[in-house]
Structures are given as C-alpha cells and as structure tokens.
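Structure first, commentary second.
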Amino acid sequence: MPPITVLYGQPTPEEIAAVVAVFAARAAGAPPADTRPGLPRRTPRSAWADRAAGLRRPLATRFTRPRSVVPPGAA
Numbered sequence: 000m001p002p003i004t005v006l007y008g009q010p011t012p013e014e015i016a017a018v019v020a021v022f023a024a025r026a027a028g029a030p031p032a033d034t035r036p037g038l039p040r041r042t043p044r045s046a047w048a049d050r051a052a053g054l055r056r057p058l059a060t061r062f063t064r065p066r067s068v069v070p071p072g073a074a
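Each residue of the sequence shown is one higher than the one before, starting from 0 at the first, in numbering that gives the first Met the number 0.
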C-alpha cells in the first residue's frame, strides 16, 4: 500500500489508524457495512408507493379552443 500523506490538519494516531483500517478493509474486498448478514435490507419502493404520482400534472402551455359543433360553411 502506498504511503499516506496528510495535507491539512493534525490528525491523532487513532484517526490515522481508523483511516488505514478502512482502506485495508476496502482493499480486502469486505462488503460495505449495510450489506452484512443480519441487517435488514432496504427494498426498492414500488411505483404504487410513489407519492409524487398523485400530484397534479402541469396544465398545458398552449391554449386550445374547442372545435365548433357545426363545421364552417355548413350553416
């Protein structure tokens, strides 16, 4: 592993050890903390649970007049 250089601040030895432990765990291929067995998995929300779907859609930007019941020239 390449050396770690601290650019800003004065980290304590415990903080540096924590950073090194995280990098070592990631390099070893350990799964992220939220995917370990025993923890509940978050399921994706279905479209039925999407509250934004119940909101009103924007109005049409173009005014459309209703068509006449009697076609032009027939009266």
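Glycine residues also receive a C-beta, built at the ideal position from the N, C-alpha and C atoms.
Small disclaimer: the values here were computed from a predicted structure and weren't measured.
Backbone CA spacing between E13 and V19 [nearest angstrom] | Within the sequence shown, numbered from 1, the residue matching residue 13 stands at position 14. Within the sequence shown, numbered from 1, the residue matching residue 19 stands at position 20. Approximately 10 Å between the Cα atoms of the pair.
May I have the straight-line CA-CA distance separating A24 from T42, to the nearest angstrom?
-> Reading the sequence shown from its first residue, position 25 is the one you call residue 24. Reading the sequence shown from its first residue, position 43 is the one you call residue 42. Near 26 Å, if we compare the C-alpha coordinates of T42 and A24.
Which residue's Cα is closest to the Cα of P1: A26, P57, A52 and R50?
-> Start at 1 with the first residue of the sequence shown, and residue 1 comes out as number 2. The residue with the shortest Cα to Cα distance from P1 is A26.
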